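> There's a structure below that I have some questions on.
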């Protein structure tokens, strides 16, 4: 049985999360039962939703239990199988958590899924052709539902969700404008991801200043917005939304440390007859096949070439995760195991 | 030509609206052109949306022009007609404005509409079987879309929209809970309108206290909410919304005087995957026939018996309107002309 290094949630953050909330331990992987497979993880995905799970309070999911392996998406390779549909060497995606190996009950639908790496690199199944990509797809296609010529905006544009959103929106004939932190990210969003414009929110001290920049980048106003951050950015976008605009709320990373971030002017929802809808993509499994197919094609044909930030080794995961929460990553944040 | 007393918007409010914003004038009604009808108004409708029109700033409609007759719904009787489809004595509903008579171009679709007062009193075409009723219908049926057993809530429950909402929701098998200001209104909402419960928001000093009362009145949480007021009430309701709840935003009367009222915790939109949608009913004319038919039946069969507050004479309109904004009315606010 191989040794398995794992990261557990040791205690809950008081305000900002820190490395002391986590604990690295070593165990042996247990012997397999019938129907189980042993997966050696190659990559762990780090995602903002994990911060919500670290809190005790009610969020859209159960809190991460203390003393257990942190939840997380993984890609890897089957090393041993007691399930007839899986064999050693199969490349798979699953929710293996922050650890080097996982034992998975392969009889549970969706617990582990084989993937084809002919045209799509394995790691992309955690990003553009995985949960973040489907998240962008759902928000854009099912909530914003843009028509050609619409102007659509996304915050955290350089990230895994933002980059997929850009490619999906361009494929639908939209003007796509990103919001990101720093000149390097904004240059990348425009030059490599093909957005029409990108605004560096760090250059703006308040929502009014940011709204002015949005007016320049979106001369016809904003028809659809995909929200990853909340706070000042949401206030600014609301000032520029067109009548009957749609806002998909996927994340409010700005508020994850506990202090509620008020929305400055909710009357704009009425004034502009907006639709604002929160969602989590795991509640919409019915769209995954259609979304993954489009995303796989975009990646396979080179129309979506997302960047990855890769930390090395399971022990690097906590630091990399905290960096992600502060926007230090550049593209999809992964840990190579 | 009869003398016509009119109320004009004389100047715009700085903060709170006051009677000095209005001006009463007398004119003669002009001679009719072909296609026009002269209507003697019996009732003028006073509605919260008028406050928004008094401001210069962008709202969901053009501002009310200075020096012109205030906009408003009216019911009355044709006294002279130069249109083949109308004759003296016809009872009609229209947007005649704050005046005793109006000259209407009856060739314009929807400008003036004949109504049947056999089972529905004329004044109700300004309330339960008019714009406020259809407003309640649209928010409940098209946005909240409740199923039997859902708990649905409405603020300003004793008003024209709230009373119609209650009857429509009961007809769909919902638990209906109102929020209103003062014990008299709450008693009326429960005893006469047939709501399951009603909470007096004036008994609560903050959103947390009000949310506690909502928890008692809505033991299974809130599935749908119809927003007429904004501010503390919206914050409280958000704390009690169930996952996948729907909020129809029709009014934010609490913020009409200019100061933006922040929303305390927008992250709840994500946590509970809510849909929040603003609307104005005049943009959805396609639903009016279906909605008016159901509302007319509810009134005709006595299932909806809305109360009216009636001020006497056009000169009383400004004072009655300001009272409406402060919640002094009890039921649909009208002016008898």
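Chains as they are written, first to last, in this note's numbering: chain A, 149 to 485; chain B, 149 to 485. We treat Cβ as the ideally placed atom computed from N, Cα and C, and that holds for glycine. Just so we're clear, the structure is a prediction, and the values are computed from it rather than from any experiment.
#1: Can you pull the chain A neighbours of residue 409/B, defined as C-beta to C-beta under 9 Å?
#2: What does residue 249/B pair with, by DSSP beta-bridge criteria?
#3: Any C-beta of chain A within less than 9 Å: which residues of the segment 428–439 of chain B qualify?
#4: Below 8 Å on the Cβ atoms is my guess for residue 479/B versus residue 306/B; work out the distance and round it to an integer in Å.
#5: So which residues of chain A does residue 203/B contact, with C-beta pairs closer than 8 Å?
#6: Is the beta carbon of residue 226/B closer than 8 Å to that of residue 244/B?
#7: Below 9 Å on C-beta distance, what does residue 422/A contact in chain B?
#8: If you follow the beta strand (DSSP E) that residue 409/A is in, where does it begin and where does it stop?
#9: List, from N- to C-terminal side, the alpha helix (DSSP H) runs of 4 residues or more that fit wholly inside the segment 267–355 of chain A.
#10: Exposed or buried, what is residue 318/B when buried is set at 16 or more other beta-carbons lying within 10 Å of its beta-carbon?
#11: Check whether the segment 347–362 of chain A and the segment 377–393 of chain A are in contact - that is, three or more C-beta pairs closer than 8 Å.
#12: Verify the CB distance criterion: does residue 418/B have a CB-CB separation below 8 Å to chain A?
#13: Need the endpoints of the alpha helix (DSSP H) that residue 467/A sits in, please.
#14: Is the segment 248–256 of chain B touching the segment 386–395 of chain B, taking contact as three or more C-beta pairs under 8 Å?
#15: Is the beta carbon of residue 153/B less than 8 Å from the beta carbon of residue 473/B?
#16: Could you list which residues in chain A have their beta carbon closer than 9 Å to that of residue 378/B, in chain order?
#17: Could you tell me whether the Cβ of residue 279/A comes closer than 8 Å to any Cβ of chain B?
#18: For residue 160/A, does the three-state DSSP call read helix, strand or coil?
#19: Excluding five sequence neighbours on each side, which residues of the same chain lie with their C-beta closer than 8 Å to the C-beta of residue 296/B?
#20: Three Cβ pairs or more, each shorter than 8 Å: is that satisfied between the segment 370–378 of chain B and the segment 367–374 of chain A?
#21: Using the three-state DSSP reduction, which class does residue 216/B fall into: helix, strand or coil?
#22: Locate the beta strand (DSSP E) running through residue 434/A, then write down its first and last residues.
#23: Around the Cβ of residue 299/B, are there at least 16 other Cβ atoms within 10 angstroms (buried) or fewer (exposed)?
#24: Roughly how many angstroms separate the alpha carbons of residue 485/A and residue 218/A, rounded to a whole number?
#25: Under the three-state reduction of DSSP, which class applies to residue 445/A: helix, strand or coil?
#26: Determine contact between the segment 462–471 of chain A and the segment 155–174 of chain A, defined as no fewer than three beta-carbon pairs at a distance below 8 Å.
#27: For my contact list, residue 309/A and residue 366/A are in at a C-beta cut-off of 8 Å; report their separation, rounded to the angstrom.
#28: Between the beta-carbon of residue 242/B and the beta-carbon of residue 259/B, is there less than 8 Å?
#29: Give me the residue from 407/B, 301/B, 329/B and 293/B with the minimum Cα distance to residue 368/B.
#30: To the nearest angstrom, report how far apart residue 231/B and residue 255/B are at their CA atoms.
#31: Mapping DSSP to helix, strand and coil, what is residue 262/A?
#32: Any beta carbon of chain A sitting closer than 8 Å to that of residue 389/B?
#33: Using DSSP bridges, identify the partner residues of residue 172/A.
#34: Just mark residue 352/B as buried or exposed, buried being the case when its beta carbon has 16 or more other beta carbons within 10 Å.
#35: Along the chain, where does the beta strand (DSSP E) that runs through residue 391/A open and close?
#36: Under 9 Å between beta-carbons, which chain A residues line up against residue 198/B? List them in chain order, please.
In terms of the structure at hand:
#1: For the C-beta of residue 409/B, the chain A residues within less than 9 Å are, from N- to C-terminus, 413, 414 and 415.
#2: 188/B.
#3: 428 and 431
#4: 6 Å
#5: By Cβ distance, chain A contributes nothing, its closest Cβ being about 11 Å from residue 203/B, past 8 Å.
#6: Cβ distance not < 8 Å, so residue 244/B and residue 226/B don't count as in contact.
#7: 397, 424, 425 and 426
#8: Residue 409/A -> no beta strand (DSSP E), and no H or E assigned at all.
#9: 279–285, 308–319 and 331–339
#10: Under the 10 Å beta carbon count, residue 318/B is surrounded by 16 or more other beta carbons and is classified as buried.
#11: yes
#12: Yes, contact with chain A.
#13: 465–473
#14: no
#15: no
#16: 414, 415 and 418
#17: No - not a single Cβ of chain B is within 8 Å of the one on residue 279/A.
#18: coil
#19: 320, 321 and 322
#20: no
#21: coil
#22: Looking at the DSSP string, residue 434/A is not in any beta strand (DSSP E), and its letter there is neither H nor E.
#23: Only buried fits residue 299/B, as 16 or more other CB atoms lie within 10 angstroms of its CB.
#24: 15 Å
#25: helix
#26: Contact between the segment 462–471 of chain A and the segment 155–174 of chain A is present, because at least three Cβ pairs lie under 8 Å.
#27: Between residue 366/A and residue 309/A the Cβ distance is about 20 Å, and since that is not below 8 Å, they are no contact.
#28: Yes. Within cutoff.
#29: With distances taken between Cα atoms, residue 368/B lies closest to 301/B.
#30: 8 Å
#31: Note: residue 262/A maps to strand in three-state DSSP.
#32: no
#33: Paired residues: 155/A.
#34: So residue 352/B counts as buried.
#35: 389–397
#36: None at all; the shortest Cβ gap to chain A is about 15 Å.
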